Amino acid sequence: MRVLVVDDDPDLSLLMEIFLTRRGHEVLLASDGRDGLDVLGREGVDLVVLDWMMPTLDGIAMTRAIRADPRVRHLPLLMVTARHDHGEAVAAGVDEVLGKPFTGTVLVATVEDLGGRSLPTGASA
Amino acid sequence: MTVEANPLAETPRSALSQAEERWRLTLDHSPLGMALVSPAGAFLRVNPALCEIVGHSAEILIGLTFQDITHPEDLEMDLALVDECLLGQRTSYRLLKRYLHADGRQVWVEISVALVRDEDDVPLHFVVHVEDVGEQMVAQAQVQALVSELAARTAELQRSNGELEHFAAVASHDLRSPLSVISGYLELLAADHGDTLDARGRGYLDRAQDAAGRMMGLLDALLGYARLDGDVLRRSPVDIDLLLDEVLADLSADACQLAAHVVRRIAPGGLHADPELVRQLLQNLVANAVKYRAPERALEILVELEPSGGDWCLSVVDNGRGIAPDLIERAFDMFTRDEADPTPGAGIGLATCRRIVARHGGRIWAEPVVGGGTAVRCLLPGRRVLA
Ligand SMILES: Nc1ncnc2c1ncn2[C@@H]1O[C@H](COP(=O)(O)OP(=O)(O)OP(=O)(O)O)[C@@H](O)[C@H]1O
Ligand SMILES: [Mg+2]
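Those protein sequence lines, which keep their order, are chains A and B.
Heads up, the first sequence is in full-length UniProt numbering, so the first residue is 1 and it goes up one at a time.
Heads up, the second sequence is in full-length UniProt numbering, so the first residue is 1 and it goes up one at a time.
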């Protein structure tokens with residue numbers, strides 16, 4: 001799968017990249033919501049992993065922007081957050097919320113489960 | 001005695017009318033300061049009470065004007081009111097102002113001033129009543145000081161509440177994120193390089209992972225405690241049996257085995273409380289009973305709910321090692337632990353319990369159990385029908 005990871009914490013982004021690439025996924029990185037939307041405009045991806053609290057454009061605003069754009073509105077969205085009010089994220093349109101901290105195993109399993117739901121198996125690796 | 005300035009003083013004493021004599025007696029014995037003051041401000045007649053208030057003898061006062069003994073900051077307002085009287089815009093006024101005492105200190109007084117005119121409407125003199133309000137002013141100043149102190153403390157309290165919420169937010173996001181990074185890389189290190197480490201290296205890694213896990217637990221407990229205040233109480237009928245099932249199921253596998261020795265004595269009739277908070281309460285109390293069990297005997301836990309007057313008493317009783325007597329009062333304070341006990345714990349559990357019970361308007365305490373063990377009891381108010 002081609003996964004876009006949007007997080008303003010470079011250490012955590014790198015960590016998620018390692019967990020996902022070890023499983024054979026391709027990872028694109030963006031450092032905030034605005035940057036993430038730019039990448040989405042240029043590159044085709046299969047799934048977006050995004051943080052909630054980010055500078056310039058946060059995860060909720062980015063989710064709304066994606067859900068409002070016909071070209072990308074179908075993308076599965078996984079939010080990773082330290083916040084507890086997961087309901088708000090779901091209401092904004094994310095498909096799944098993963099609380100921080102998460103283990104690599106859980107991250108990979110959630111991404112693959114979410115990607116598998118909307119993609120024919122093995123569509124892109 | 002009353003001293004009179006010219007021209008009144010020149011009036012032959014024999015000519016004083018009876019009324020005049022009564023007026024003099026009144027002045028002499030009045031507890032209020034009194035004076036006749038010329039339209040220009042000179043004291044024409046003063047009484048002993050006024051002399052007492054300003055610290056001048058009558059002889060000296062008669063030679064002075066009210067302007068001489070009024071605090072400079074209060075003079076302007078006084079003069080303006082005098083002018084309004086002389087211009088016929090008013091006939092009298094009251095004013096809170098300061099005199100300068102002969103010894104230099106300021107004296108708070110309340111004056112009532114009325115202008116007397118003759119038949120042709122020509123201003124004759126002012127009749128002035130002077131009350132020493134120094135003590136009142138001091139009392140008022142004290143009240144004022146208390147009021148502003150109260151306001152300051154309230155603001156401080158609101159600020160620290162705000163800070164607590166802010167702290168919760170910071171702890172939630174800014175501490176969790178780096179901790180995710182730490183435990184994430186530890187996980188990677190163990191998975192990818194665990195084999196290349198020797199036994200010592202793996203031991204270090206285990207300790208680091210263990211500590212990261214404990215820190216996460218600590219953060220969760222602190223956050224849970226901080227959040228207790230923010231959320232509204234959602235009271236509904238509480239099924240203690242059900243909550244207890246959940247709590248026992250959540251305990252780790254071996255704890256679950258131990259918890260098989262739980263005896264329930266739950267009176268029916270419906271405790272009315274916030275189920276989520278009661279679950280947290282039970283969780284902490286049962287976890288403590290399991291954690292602080294006595295190694296030499298099989299654990300037994302009794303969970304009891306019984307009516308007590310119109311209220312409910314919820315108890316968790318164990319046959320464990322018991323709380324040290326010097327700790328039993330303080331055990332519900334934040335971070336209180338038995339320092340001699342190596343069992344891991346943050347000392348937040350019972351503080352959380354106390355907060356939960358307090359939010360329900362109840363009371364929580366611990367009692368030693370004869371033969372060894374601890375009973376933690378919570379008195380929770382019953383459902384009150386509000387008229
Ligand atoms: N049932 C019990 N039997 C014996 N000692 C107890 C019991 N419950 C509490 N204590 C003592 O009171 C202390 C405070 O308990 P509390 O639950 O607040 O903290 P903790 O269990 O140490 O940490 P945690 O925050 O993880 O619950 C404990 O450290 C222990 O010494
Ligand atoms: Mg405890």
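No residue lacks a Cβ here, since even glycine has one placed at the ideal position from N, Cα and C.
Treat the numbers as computed from the prediction; the structure is a model and nothing was measured.
Check, Outcome
"Chain B partners of residue 103(A), CB-CB under 8 angstroms?", "183, 184 and 187"
"Applying the criterion that 16 or more other CB atoms from any shown protein chain within 10 Å of the CB defines a buried residue, is residue 17(A) buried or exposed?", "buried"
"Answer yes if the region 109-118 of chain B comes into contact with the region 145-158 of chain B, meaning at least three C-beta pairs across the two stretches below 8 angstroms, and no otherwise.", "no"
"Please tell me whether residue 62(A) and residue 8(A) are closer than 8 angstroms, where the distance is taken between their beta carbons.", "no"
"Using a Cβ-Cβ cut-off of 7 angstroms (strictly less than) and excluding sequence neighbours within five positions of residue 247(B), which residues of its own chain qualify?", "279, 282, 283 and 286"
"Can you check the region 232-269 of chain B for any beta strand (DSSP E) of at least 3 residues that lies completely inside it and give the ranges in chain order?", "236-238 and 262-266"
"Helix, strand or coil, according to DSSP, for residue 89(B) in the structure here?", "coil"
"For a cutoff of 8 angstroms on Cβ pairs, would you count residue 25(A) as touching chain B?", "no"
"Give me the DSSP bridge partner(s) of residue 106(B).", "100(B)"
"What's the C-alpha gap between residue 387(B) and residue 233(B)?", "Bear in mind that the predicted position of residue 387(B) carries a pLDDT of just 36, short of 50, making it unreliable; the figure below should be weighed with that in mind. One C-alpha to the other measures close to 20 angstroms."
"How would you label residue 156(B), buried or exposed, when you count the other beta carbons within 10 angstroms and need 16 or more for buried?", "exposed"
"Please tell me whether residue 77(B) has its Cβ less than 8 angstroms away from any Cβ of chain A.", "no"
"Pull up the DSSP beta-bridge partners for residue 368(B), would you.", "374(B)"
"Look at residue 40(A) and residue 72(A) and say whether their C-beta atoms are less than 8 angstroms apart.", "yes"
"Does DSSP put residue 16(A) in a helix, a strand or coil?", "helix"
"For residue 216(B), decide whether its Cβ has a neighbour in chain A, counting only Cβ atoms nearer than 8 angstroms.", "yes"
"Closer than 7 angstroms: is that where the CB of residue 288(B) sits relative to any heavy atom of ligand 1?", "yes"
"Going along the chain, which residues of the region 9-35 of chain A sit with their C-beta nearer than 7 angstroms to a C-beta in chain B?", "9, 11, 12, 15 and 18"
"Who are the Cβ neighbours of residue 266(B) in its own chain at under 7 angstroms, not counting the five residues just before and after it?", "240, 241 and 305"
"Please decide whether residue 82(A) counts as near chain B, where near means a Cβ-Cβ distance under 8 angstroms.", "yes"
"Counting only runs that start and end within the region 303-360 of chain B, where is the beta strand (DSSP E) found for 3 or more residues in a row?", "311-318"
"In this structure, does DSSP put residue 278(B) in helix, strand or coil?", "helix"
"Going by the beta-carbon positions, is the gap between residue 320(B) and residue 289(B) smaller than 8 angstroms?", "yes"
"Could you give the distance in angstroms between the alpha-carbon of residue 125(A) and the alpha-carbon of residue 336(B)?", "Summary for residue 125(A): the model assigns pLDDT 41, below 50, so the residue's position carries little reliability; its value from the coordinates is reported in the next sentence. Rounded to the nearest angstrom, the two C-alpha atoms are 53 angstroms apart."
"Across which residues does DSSP place residue 132(B) in a beta bridge pair?", "109(B)"
"Kindly say whether residue 148(B), judged by its beta-carbon, lies nearer than 8 angstroms to any beta-carbon of chain A.", "no"
"CA-CA distance, residue 133(B) and residue 17(B)?", "34 angstroms"
"How many whole angstroms separate the CB atoms of residue 318(B) and residue 300(B), which I take to be in contact at a CB cut-off of 8 angstroms?", "7 angstroms"
"Hey, how far is the Cα of residue 143(B) from the Cα of residue 101(B)?", "25 angstroms"
"Curious, which full-length beta strand (DSSP E) runs of at least 3 residues does the UniProt domain \"Response regulatory\" (2-115) of chain A contain?", "2-6, 26-30, 47-51, 77-81 and 96-99"
"Kindly list the residues whose CB is nearer than 6 angstroms to the CB of residue 176(B), restricted to its own chain and excluding five residues on each side of it in sequence; keep chain order.", "none"
"Less than 8 angstroms between C-beta atoms, sequence neighbours within five positions excluded: which residues of the same chain meet that for residue 276(B)?", "234"
"Is residue 284(B) near ligand 2, in the sense that its beta carbon is under 7 angstroms from a heavy atom of that ligand?", "yes"
"With 8 angstroms set as the bound, which would you pick, yes or no: does the beta-carbon of residue 177(B) sit closer than that to a beta-carbon of chain A?", "yes"
"Using a cut-off of 9 angstroms between C-beta atoms, extract the partners of residue 236(B) located in chain A.", "Residues of chain A passing the Cβ test: none, with the nearest at roughly 20 angstroms."
"Between which two residues does the alpha helix (DSSP H) carrying residue 19(B) extend?", "18-29"
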